[in-house]
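Q: Following full-length UniProt numbering from start to finish, the sequence shown increments by one per residue and tops out at 305.
The beta-carbon is built from N, C-alpha and C at its ideal position, and this holds for glycine as well.
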Amino acid sequence: MRAAASWSASLLRQRAAPARTFKAAHALKYTPAAARSLSSTSVRQDSEPAPAAALKGKEKESAQANSSKSAADAGLPFLPRPLGVRERPTTVHATWREEMMDQDVRQARKEALIKEATKGYFADLAATKRHGGKTWIAPPVLIREEKSLYFPDVAGTPLSGGGKVHTTDLLLGKVSVITVLSSKISELQAKMFTEPTQSQFRDNGHYQLIQLNLQENLLKSMLVSLFASTIKKAIPQDQWSRYLITSQSMDYIREDMGLHNRHIVYVYLVDTACRIRWAACGDPQPGEIESLRSCTGALLKRLEK
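Okay, structure coming up:
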């Protein structure tokens with residue numbers, strides 16, 4: 001009787017006890033087989049090192065992508081159009097009154113002033129950080145004669161002294177390489193561009209190198225003129241008559257000549273009729289240096305026939 005009573009009391013206590021509950025963290029949840037497979041694969045990939053071949057493949061793809069991006073960033077177009085002015089150059093310039101009466105001249109000056117006014121002060125200097133200031137690559141061959149335009153007349157004072165000299169008078173009848181300089185950077189670039197051509201053709205009577213030290217800022221132009229004796233030390237004496245210091249404004253023909261940056265060199269190959277047959281700018285590339293030499297040689301050969 002005592003055993004039966006004890007058993008009944010125990011049974012009553014179990015029924016009265018609250019039901020046990022499972023914490024959510026231990027709750028069972030059904031996962032489909034496909035999801036379990038993916039989950040286990042993901043865990044294995046996170047916990048196990050990837051095979052060496054896979055890493056190499058990824059590195060290779062990344063390197064190729066970076067290389068393609070760099071090539072795209074570094075890519076520059078060839079000179080898109082002939083440079084120069086349409087009017088044949090002359091040493092006789094129109095007077096101020098005549099220019100003011102010419103509607104085309106007034107419109108060109110207006111556009112030039114607007115473009116210059118909207119350009120940042122340090123824009124040219126900042127541009128030299130990319131491609132050395134280059135905006136295009138020189139053509140590998142000569143610009144066709146019928147498509148070429150003229151080099152404008154620029155008057156300047158030669159290192160040899162005396163009065164003003166006009167580029168038109170120097171250019172007629174000669175194959176000329178012209179460098180437009182405005183800074184120390186441009187001088188170094190010009191030297192790299194012209195040295196091979198100069199060394200090969202300097203003794204040819206139909207060839208000449210003309211250097212234009214262009215300082216459109218009047219004060220800077222005066223300073224350059226004052227230090228002309230210093231420039232003479234760096235220029236061979238036989239080149240003094242063809243080294244011109246000028247302050248002539250190029251604002252109204254800047255676009256025609258492709259003079260987009262005041263800190264870099266611009267190189268022009270001009271034929272005997274003052275037509276621009278080849279042009280380059282900024283840091284020279286090996287192909288451009290060779291192209292200048294070969295194109296100069298081609299023009300000189302045509303004179304020999």
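How would you call MET222, buried or exposed, if buried means at least 16 neighbouring beta carbons within 10 angstroms?
A: exposed
Q: Span of the beta strand (DSSP E) holding CYS281?
A: 276-281
Q: For VAL224, report the span of its alpha helix (DSSP H) as first-last.
A: 218-226
Q: Between LEU181 and LEU214, is the Cβ-Cβ spacing less than 8 Å?
A: Yes; because the gap between Cβ atoms is below 8 Å, this pair is in contact.
Q: Here's the rule I'm using: 16 or more other beta-carbon atoms within 10 Å means buried, otherwise exposed. How should GLU145 be labelled?
A: exposed
Q: How about residue 306 and GLN189: do their beta carbons lie closer than 8 Å?
A: With the chain covering 1 to 305 only, the question about residue 306 has no answer from this structure.
Q: So what's ALA234 in DSSP terms, helix, strand or just coil?
A: helix
Q: Just to confirm, is the Cβ distance from ARG277 to LEU299 under 8 Å?
A: yes
Q: Just how far apart, CA to CA, sit residue 306 and TYR268?
A: Lying outside 1 to 305, the shown extent of the chain, residue 306 is not represented and no answer is given.
Q: Please report the Cβ distance between PRO152 and VAL85, rounded to the nearest whole angstrom; I am assuming they are in contact, meaning their Cβ atoms lie under 8 Å.
A: 5 Å
Q: Could you check which residue in VAL175, TYR243, ILE137, LYS184 has the C-alpha nearest to that of GLY75?
A: Closest by alpha carbon: ILE137.
Q: Would the beta-carbon of THR135 fall within 8 Å of that of HIS263?
A: no
Q: With a threshold of 7 Å, establish whether the CB of GLY258 neighbours any heavy atom of the ligand FAD.
A: By its list of ligands, the structure shown contains no ligand whatsoever, and the ligand FAD lies outside what it can speak to.
Q: Ends of the beta strand (DSSP E) at ILE178?
A: Per DSSP, ILE178 belongs to the beta strand (DSSP E) from 175-181.
Q: Going by CA-CA distance only, name the one from TYR266, GLY297, GLY162 that's closest to GLY132.
A: TYR266
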